[in-house]
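In what follows, a structure is listed as structure tokens, so that the remarks can point back to it.
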Amino acid sequence: MTGNNQINSSLSAPNKSMQANGNINQMLEQLHADFDPVYSMLMNYQCAVMEVETKFNVLNNRLSLQDEHNPIESIKTRVKSLDSIVRKLDKLGLPITIESAEENLQDIAGVRVVCSFVDDIYRIAECFLAQEDVTLVKRKDYIQNPKPSGYRSLHLIIKTPVYTENGKKDMFVEIQMRTIAMDFWASLEHKLRYKKNINPQTAEELAKELEACAEESAKLDEKMLRIRERIARD
Ligand code: 0O2
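As numbered in the numbering used here, residues 8 to 241 make up the sequence shown, in order.
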């Protein structure tokens with residue numbers, strides 16, 4: 008079975024199986040019409056995001072007592088829309104069910120933590136991962152090993168429990184941790200990545216320029232860190 012021609016009843020109404028004839032818009036219409044189980048799933052992810060955001064806020068406050076600066080500049084959160092979940096499952100050829108989404112998609116809940124300095128990222132990640140209700144599933148360090156595009160961030164996929172009216176449920180959350188400079192770069196590069204109808208030669212030139220900007224930006228992060236360390240020492 009491929010994901011693009013069948014919807015399991017669990018992602019729609021209980022005991023109701025729907026054939027969508029490969030039409031993703033039709034699937035989405037049906038899911039929106041029968042939203043309760045989907046709403047419950049999205050709510051679980053929203054709760055997981057709130058739990059994780061609170062953990063980072065608490066760490067920010069506690070660590071600021073030692074450091075005399077707030078290590079976290081900002082926290083952004085999002086839960087993928089139903090439309091994006093269905094499109095991603097379909098793209099991956101996976102069954103379009105609630106169970107399939109919960110098992111296979113690790114980025115439905117997303118938290119982005121933006122720090123001033125690179126060393127804050129690692130310290131906060133370490134303190135966060137030391138908490139007993141946080142289980143690390145995957146760690147990808149694109150700061151030590153930047154992507155060919157120049158993209159830098161520390162990515163963590165974790166599992167954390169949420170407590171629902173039906174008991175405890177472990178939820179995946181994707182966490183992206185980066186500096187202000189990395190965040191600035193990523194949002195500009197994201198615009199290029201998703202720009203439609205751009206001249207291929209222009210796109211290639213801009214991608215090269217952005218790669219060079221990422222290098223310069225990483226050097227700036229490094230210099231700022233050294234300056235902060237000297238200020239703290241003297
Ligand atoms: P969007 O539109 O931002 O949500 P994997 O199969 O796990 O190894 P995957 O799933 O691509 O690889 O995960 P990865 O590499 O950890 O990237 C996940 C997210 O990181 C992306 O989500 C982006 O948000 C961000 N990201 C990764 N690479 C780049 C990059 O080169 N530039 C920018 N701007 N962001 C990047 P989405 O869903 O791909 O995109």
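Every residue gets a Cβ at the ideal spot worked out from N, C-alpha and C, and that includes glycine.
Item, Value
"Inspect the CB distances between the segment 127–143 and the segment 106–116 and report whether three or more fall short of 8 Å.", "no"
"May I ask you to report which of helix, strand or coil DSSP gives K198?", "helix"
"State the start and end residues of the unbroken alpha helix (DSSP H) segment that holds L232.", "207–240"
"Would you list the residues sitting across from Y170 in a DSSP beta bridge?", "K175"
"Using alpha carbons as the reference points, say which of W192, L72, P78, P102 lies closest to F63.", "P78"
"Output the residues surrounding the ligand 0O2, defined as those with a CB atom closer than 5 Å to any ligand heavy atom, in chain order.", "K154, S156, Y158, H162, A193, E196, H197"
"Could you say which of S194, K203, E133 lies nearest to L217 if we only look at CA atoms?", "S194"
"DSSP three-state call for T104: helix, strand or coil?", "coil"
"Based on Cα-Cα distance, which residue from I182, T171, R159, S123 lies nearest to V144?", "I182"
"Going by CA-CA distance only, name the one from T209, I103, C220, T167 that's closest to Y158.", "C220"
"Return yes when the Cβ of V141 is within less than 8 Å of the Cβ of R185, no when it is not.", "no"
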